[in-house]
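Written below as C-alpha coordinates is the structure these notes are about.
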Amino acid sequence: MATRTLFTLVVVALAVSGGAVAVLAQPAPAVPPPAAPVTVLAHAAQEIGVRRCYDAVAQVSARVFDHAHRADVLLDWQRTNPDIGPFFSLSGIEFPTSSALLSLVTVPGVTGGCSVLAERISSAPLSCAQVARAELAGYRATPLVKSVTVYTDSSHPQETVVLVDAPPSCLILRRQVQFQWGAAQ
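At position 53 of the sequence shown the residue is numbered 53 (the UniProt record's numbering), and the sequence of numbers has no breaks.
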(Lines of atoms letter the chains of each structure in order from A and count residues from 1; the text may use other names and numbers.)
(Lines give C-alpha, C1' and ligand atoms only; values in the text may rest on other atoms or scores of the structure.)
Protein backbone atom coordinates (compact mmCIF):
# COMPACT_ATOMS: atom_id res chain seq x y z
CA MET A 1 0.00 0.00 0.00
CA ALA A 2 2.88 2.40 0.78
CA THR A 3 4.32 1.93 -2.71
CA ARG A 4 0.95 2.70 -4.33
CA THR A 5 0.56 5.85 -2.18
CA LEU A 6 4.11 7.00 -3.01
CA PHE A 7 3.47 6.42 -6.75
CA THR A 8 0.24 8.47 -6.55
CA LEU A 9 2.04 11.32 -4.74
CA VAL A 10 4.83 11.41 -7.34
CA VAL A 11 2.33 11.50 -10.25
CA VAL A 12 0.31 14.28 -8.55
CA ALA A 13 3.49 16.29 -7.83
CA LEU A 14 4.67 15.94 -11.42
CA ALA A 15 1.25 16.93 -12.77
CA VAL A 16 1.06 19.99 -10.49
CA SER A 17 4.54 21.15 -11.47
CA GLY A 18 3.77 20.70 -15.18
CA GLY A 19 6.17 17.80 -15.53
CA ALA A 20 5.64 14.94 -17.89
CA VAL A 21 4.22 11.79 -16.44
CA ALA A 22 5.45 8.49 -17.77
CA VAL A 23 3.93 5.35 -16.40
CA LEU A 24 5.89 2.21 -16.99
CA ALA A 25 3.88 -0.99 -17.04
CA GLN A 26 5.36 -3.76 -14.99
CA PRO A 27 4.25 -7.34 -15.20
CA ALA A 28 2.33 -8.64 -12.25
CA PRO A 29 4.27 -11.09 -10.14
CA ALA A 30 3.86 -14.63 -11.42
CA VAL A 31 1.37 -16.61 -9.41
CA PRO A 32 2.46 -20.21 -9.08
CA PRO A 33 -0.06 -22.74 -10.33
CA PRO A 34 -2.07 -24.34 -7.56
CA ALA A 35 -0.41 -27.46 -6.23
CA ALA A 36 -2.09 -30.73 -7.03
CA PRO A 37 -4.18 -31.83 -4.08
CA VAL A 38 -2.33 -34.26 -1.86
CA THR A 39 -4.15 -37.55 -1.34
CA VAL A 40 -4.68 -39.05 2.09
CA LEU A 41 -2.16 -41.75 1.11
CA ALA A 42 0.53 -39.28 0.02
CA HIS A 43 -0.05 -37.24 3.17
CA ALA A 44 0.26 -40.34 5.37
CA ALA A 45 3.47 -41.43 3.61
CA GLN A 46 4.95 -37.97 4.12
CA GLU A 47 3.91 -37.91 7.79
CA ILE A 48 5.68 -41.20 8.58
CA GLY A 49 8.88 -40.11 6.82
CA VAL A 50 8.77 -41.65 3.34
CA ARG A 51 10.95 -39.37 1.21
CA ARG A 52 12.82 -41.40 -1.40
CA CYS A 53 9.66 -43.03 -2.80
CA TYR A 54 7.28 -40.18 -1.98
CA ASP A 55 6.92 -39.03 -5.61
CA ALA A 56 5.81 -42.53 -6.65
CA VAL A 57 3.24 -42.65 -3.84
CA ALA A 58 1.96 -39.15 -4.66
CA GLN A 59 1.71 -39.70 -8.42
CA VAL A 60 0.10 -43.15 -8.30
CA SER A 61 -2.40 -42.19 -5.60
CA ALA A 62 -3.32 -38.92 -7.35
CA ARG A 63 -4.22 -40.88 -10.47
CA VAL A 64 -6.11 -43.66 -8.70
CA PHE A 65 -7.91 -41.38 -6.21
CA ASP A 66 -9.09 -38.99 -8.96
CA HIS A 67 -12.84 -38.29 -8.54
CA ALA A 68 -12.96 -40.14 -5.21
CA HIS A 69 -15.48 -38.90 -2.67
CA ARG A 70 -13.76 -40.53 0.28
CA ALA A 71 -10.63 -42.57 0.98
CA ASP A 72 -8.83 -44.10 3.92
CA VAL A 73 -5.60 -46.04 4.31
CA LEU A 74 -3.91 -48.88 6.17
CA LEU A 75 -0.10 -48.65 6.36
CA ASP A 76 2.87 -50.79 7.29
CA TRP A 77 6.47 -49.57 7.19
CA GLN A 78 9.84 -49.95 8.87
CA ARG A 79 9.34 -47.72 11.87
CA THR A 80 13.01 -47.35 12.82
CA ASN A 81 13.90 -45.81 9.46
CA PRO A 82 10.90 -45.47 7.15
CA ASP A 83 12.89 -44.07 4.24
CA ILE A 84 15.12 -47.13 3.70
CA GLY A 85 12.58 -49.94 3.91
CA PRO A 86 9.47 -50.99 2.01
CA PHE A 87 6.25 -49.02 2.34
CA PHE A 88 3.06 -51.09 2.21
CA SER A 89 -0.38 -49.53 1.89
CA LEU A 90 -3.95 -50.59 1.30
CA SER A 91 -6.37 -47.79 0.47
CA GLY A 92 -10.14 -47.96 0.39
CA ILE A 93 -11.50 -45.55 -2.22
CA GLU A 94 -15.14 -44.54 -2.50
CA PHE A 95 -16.42 -43.21 -5.82
CA PRO A 96 -19.93 -41.89 -6.56
CA THR A 97 -21.28 -45.29 -7.65
CA SER A 98 -18.63 -47.81 -6.61
CA SER A 99 -15.67 -48.52 -4.36
CA ALA A 100 -12.21 -49.91 -5.00
CA LEU A 101 -8.98 -50.83 -3.25
CA LEU A 102 -5.44 -49.74 -4.05
CA SER A 103 -2.58 -51.87 -2.81
CA LEU A 104 0.63 -49.88 -3.24
CA VAL A 105 4.10 -51.11 -2.31
CA THR A 106 7.28 -49.08 -2.76
CA VAL A 107 10.82 -50.25 -2.06
CA PRO A 108 13.75 -47.81 -2.25
CA GLY A 109 16.47 -48.99 -4.63
CA VAL A 110 20.06 -49.39 -3.51
CA THR A 111 21.31 -47.24 -6.39
CA GLY A 112 18.38 -44.81 -6.44
CA GLY A 113 14.80 -44.88 -7.57
CA CYS A 114 12.10 -47.14 -6.21
CA SER A 115 10.49 -50.39 -7.16
CA VAL A 116 6.72 -49.93 -7.23
CA LEU A 117 3.88 -52.45 -7.25
CA ALA A 118 0.42 -50.93 -7.66
CA GLU A 119 -2.73 -53.05 -7.69
CA ARG A 120 -6.21 -51.60 -8.12
CA ILE A 121 -8.95 -53.99 -7.05
CA SER A 122 -12.59 -53.48 -7.98
CA SER A 123 -15.59 -55.44 -9.16
CA ALA A 124 -18.19 -55.20 -11.89
CA PRO A 125 -21.77 -56.50 -11.81
CA LEU A 126 -21.03 -58.47 -15.00
CA SER A 127 -19.51 -61.79 -15.91
CA CYS A 128 -15.75 -61.73 -16.44
CA ALA A 129 -16.32 -62.69 -20.09
CA GLN A 130 -18.36 -59.49 -20.53
CA VAL A 131 -15.67 -57.40 -18.80
CA ALA A 132 -12.96 -58.94 -21.00
CA ARG A 133 -14.94 -58.25 -24.19
CA ALA A 134 -15.66 -54.65 -23.18
CA GLU A 135 -12.28 -53.63 -21.72
CA LEU A 136 -9.57 -56.05 -22.77
CA ALA A 137 -9.84 -56.40 -26.55
CA GLY A 138 -6.41 -57.29 -27.92
CA TYR A 139 -5.12 -58.67 -24.62
CA ARG A 140 -3.85 -62.25 -24.38
CA ALA A 141 -5.81 -64.41 -21.91
CA THR A 142 -3.99 -67.05 -19.84
CA PRO A 143 -5.88 -69.18 -17.30
CA LEU A 144 -4.08 -69.15 -13.93
CA VAL A 145 -6.33 -71.46 -11.88
CA LYS A 146 -10.04 -72.28 -11.99
CA SER A 147 -12.08 -69.05 -12.36
CA VAL A 148 -8.95 -66.86 -12.58
CA THR A 149 -7.64 -65.51 -15.90
CA VAL A 150 -4.63 -63.25 -16.43
CA TYR A 151 -4.70 -60.79 -19.33
CA THR A 152 -1.55 -59.25 -20.79
CA ASP A 153 -0.75 -56.85 -23.61
CA SER A 154 2.72 -57.13 -25.13
CA SER A 155 2.87 -53.36 -25.62
CA HIS A 156 2.66 -52.95 -21.81
CA PRO A 157 4.81 -55.78 -20.40
CA GLN A 158 4.79 -54.47 -16.81
CA GLU A 159 0.97 -54.45 -16.62
CA THR A 160 -1.49 -57.30 -16.10
CA VAL A 161 -5.21 -57.50 -15.54
CA VAL A 162 -6.56 -60.42 -13.54
CA LEU A 163 -10.25 -61.32 -13.71
CA VAL A 164 -11.77 -63.60 -11.08
CA ASP A 165 -15.18 -65.11 -11.81
CA ALA A 166 -17.32 -64.54 -8.70
CA PRO A 167 -20.90 -64.84 -10.03
CA PRO A 168 -22.87 -62.71 -10.40
CA SER A 169 -19.87 -60.35 -10.44
CA CYS A 170 -16.31 -60.18 -11.70
CA LEU A 171 -13.41 -59.23 -9.44
CA ILE A 172 -10.95 -57.06 -11.39
CA LEU A 173 -7.32 -56.67 -10.33
CA ARG A 174 -5.21 -54.26 -12.39
CA ARG A 175 -1.54 -54.71 -11.59
CA GLN A 176 1.44 -52.60 -12.62
CA VAL A 177 5.09 -53.03 -11.69
CA GLN A 178 7.89 -50.55 -12.28
CA PHE A 179 11.50 -50.92 -11.27
CA GLN A 180 13.79 -47.95 -10.62
CA TRP A 181 10.95 -45.38 -10.66
CA GLY A 182 12.58 -41.96 -10.61
CA ALA A 183 16.16 -43.20 -11.01
CA ALA A 184 18.41 -41.44 -13.50
CA GLN A 185 18.50 -43.58 -16.63
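Note that the Cβ used here is the ideal one computed from N, Cα and C, for glycine as well. Keep in mind it's a predicted model, so treat the numbers as computed, not measured.
task = Given a cut-off of 8 Å, decide if residue 162 and residue 116 are closer than it, judged by their beta-carbon atoms.
result = When the beta-carbon positions are compared, residue 116 and residue 162 stay at least 8 Å from each other.
ask   = Are there three or more Cβ pairs, one per stretch, closer than 8 Å when the region 117-124 is compared with the region 166-174?
value = Cβ pair count under 8 Å is three or more, so yes.
ask   = Of the residues 93, 108 and 110, which one's Cα is nearest the Cα of residue 102?
value = When the alpha-carbon of residue 102 is set against those of 93, 108 and 110, the nearest one is in 93.
ask   = How far does the alpha helix (DSSP H) with residue 55 in it reach, from first residue to last?
value = Unbroken alpha helix (DSSP H) run through residue 55: 54-64.
Neighbourhood of residue 128 by C-beta, 6 Å cutoff - its chain only, sequence neighbours within 5 removed = Same-chain partners within the cutoff: 163, 165 and 170.
task = Give the DSSP bridge partners of residue 70, in chain order.
result = Note: residue 70 sits in a beta bridge opposite 94.
key: Rounded C-alpha distance that separates residue 158 from residue 106   = C-alpha separation (whole angstroms): 15 Å.
ask   = Looking at C-alpha atoms only, which residue of 151, 145 and 144 is the closest neighbour of residue 133?
value = Residue 133 has its Cα closest to that of 151, out of 151, 145 and 144.
request  = Could you pull out every residue in the same chain whose Cβ sits closer than 6 Å to the Cβ of residue 85, ignoring the five residues on either side in sequence?
outcome  = So the qualifying residues of the chain are 78.
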